[in-house]
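In the numbering used here, each residue carries its 1-based index in the sequence shown increased by 475.
Glycine included, each C-beta is placed from N, C-alpha and C at the ideal position.
First the structure, in the form of structure tokens, and then the observations on it.
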Amino acid sequence: MKELIIVNFEEIYLKGQNRKLFARALREQLKKKLKAFPELVFGKQRGGSLFLELKAKPDAERRRLMMEIIRRTPGVTGLYSVWTTGTDKDKILEAALSMARERLARGKSFRITARRLRKDLPYTSRDLAVEAGALIASQLGNPVDLTHPDWTLNIKVRPEQTLIYDKIVPGIGGLPVGTSGKGVVMLSGGIDSPVAARMMINRGMQLTAVHFHSMPETSPQSVEKVKDLTRVLTVYQPVIKLILVPVLEIQRAIARHTDSKMRLILLRRFMLAIATALAEEEGAGALVTGDSLGQVASQTLENMRAISAVTSLPVLRPLVALDKKEIIRRARDTGTYDISVLPHDDACAMFTPDNPETRAHLGYTENQWQRLDTESLIREALLQKEEHIFRFNPENIRKFIFHV
């Protein structure tokens with residue numbers, strides 16, 4: 476009897492001519508993330524499923540970690556642990572009882588579902604379900620409940636083997652990283668931008684992160700916080716480059732030469748302009764922000780237009796129609812929320828005037844922009860950038876997802 480992990484990826488399978496490319500990309504992402512699990516051997520792909528074989532049985536904690544790594548890989552829609560045996564009825568019943576001994580808690584109700592794909596076998600699907608249920612009930616003493624069971628055991632008799640499994644663990648869906656191009660995400664230490672990053676990663680975009688800081692006016696802890704957020708995001712994209720860019724001199728120039736109510740809009744334009752330059756270096760085709768319409772002063776339609784006019788690249792705003800409650804829910808699910816709510820200094824928040832412009836006119840914005848030596852300020856900021864590479868480590872799941 477062997478144990479398999481079957482990984483489903485329905486959305487990839489529906490992509491027609493691209494499905495081989497997408498399936499290969501998913502396989503490579505999983506291999507990168509599962510290097511620490513040599514007992515897991517990659518097998519064949521069948522239809523919309525990838526078969527992984529366990530050569531050694533992991534303990535409960537290691538199994539949980541392995542399943543979570545697979546579950547949180549973009550492109551995976553579901554996975555389940557399967558025991559395999561032949562098509563002999565007695566062997567099937569023996570395997571079903573063994574799985575029940577291991578996974579059915581004492582006193583909990585259960586049911587059996589059985590499906591026989593081979594019609595030439597000397598038993599029916601109903602025979603299997605009834606006999607397996609009777610065996611487990613008599614041996615373990617658990618009650619049968621066909622309508623609202625605590626646990627369900629599934630038996631699927633295929634032409635060449637029988638699959639026995641209980642629950643299907645839902646994946647996060649989406650597309651494998653890198654199959655939808657590259658982007659640059661403007662990553663702050665707040666709640667929103669890490670969620671935006673996760674959403675675009677989930678749609679197959681490979682991201683480079685850029686963080687703008689005002690050190691030494693802001694604390695080094697604010698940068699360390701962003702590094703931790705990047706570590707969490709490697710759970711979804713195994714390798715992420717984080718670029719740190721100082722904007723303190725840009726802020727000082729804006730404060731000296733422009734209308735105070737335009738400070739935040741002009742700073743955001745600089746950030747987009749710098750991100751555009753970085754996107755060209757990285758071969759990226761889009762910018763990603765955590766903007767949500769109407770959430771703060773700079774996130775009105777007029778201000779978004781005035782800010783975005785500085786770049787020729789598309790600016791993707793995956794949170795634009797989400798309310799704060801939904802964004803927080805997604806941050807908790809991603810594993811970034813507890814880090815994001817830690818106190819920190821923010822380059823934009825510290826620079827926000829008492830009465831910020833909420834309905835900026837593009838012409839006036841351009842007028843204020845012309846007061847600054849923008850090319851020189853952007854060039855100097857880029858010369859001082861720092862680059863850091865973060866790679867997935869299973870401990871990131873223990874620390875940030877499991878909180879162990």
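Does the distance from the C-beta atom of F877 to that of T654 stay below 7 Å? no
Can you tell me which residues form a DSSP beta bridge with G553? The partner list for G553 (beta bridge, DSSP) reads N483, P645.
So what's K477 in DSSP terms, helix, strand or just coil? strand
Roughly how many angstroms lie between the CA atoms of L776 and L797, to the nearest whole one? Near 15 Å, if we compare the C-alpha coordinates of L797 and L776.
Please check the pair M746 and M661, which I expect to be a contact at CB under 8 Å, by giving their CB distance rounded to whole angstroms. 6 Å
Alpha helix (DSSP H) containing I611: first to last residue? 600-615
What is the DSSP secondary structure of V879, reduced to helix, strand or coil? Reliability of the predicted coordinates at V879 is poor, the pLDDT of 48 falling under 50, and no value is obtained from them.
For L615 and S556, what's the separation of their Cα atoms in angstroms? 22 Å
According to DSSP, what are the bridge partners of P721? H688
Nearest candidate by alpha-carbon position, reference R866, set K507, R586, R727: K507
Can the beta-carbon of T637 be found less than 7 Å from the beta-carbon of I567? yes
Using a Cβ-Cβ cutoff of less than 8 Å, which residues in the same chain neighbour P789 once the five nearest sequence positions on both sides are dropped? G760, A761, L762
Where does P513 land, buried or exposed, given buried means 16+ other C-beta within 10 angstroms? Looking at its Cβ environment, which holds fewer than 16 other Cβ atoms inside 10 Å, P513 is exposed.
Output yes or no for whether 7 Å exceeds the beta carbon distance between T560 and A570. yes
Range covered by the beta strand (DSSP E) that runs through T627: Residue range 626-632 is occupied by the beta strand (DSSP E) that includes T627.
If we call anything under 7 Å between Cβ atoms a contact, is D885 one with R792? Within the shown structure, residues of the chain are numbered from 476 to 879, placing residue 885 beyond reach of any answer.
Let me know the secondary structure DSSP gives G518 once reduced to three states. strand
Using only the alpha-carbon positions, how far apart do A836 and R780 sit? Residue identity check: residue 836 is His in the sequence provided, not Ala. Their backbone Cα atoms lie some 9 Å apart in a straight line.
Option nearest A671 by Cα separation, candidates V698, Y711, P634, D641: Y711
Find the nearest neighbour of P645 within the set T548, V707, S613, judged by alpha-carbon distance. T548
Classify A609: buried if its beta carbon has 16 or more other beta carbons within 10 angstroms, exposed otherwise. exposed
Can you give the Cα-Cα distance for N483 and L708, rounded to whole angstroms? As the crow flies, the alpha-carbon of N483 is around 22 Å from that of L708.
Of the choices H819, I587, E870, V785, whose alpha-carbon is the least far from that of E850? V785
Measuring only the C-alpha atoms, how far is V879 from H863? In this prediction, V879 scores a pLDDT of 48, lower than 50, which makes its location untrustworthy; no coordinate-derived value is stated.
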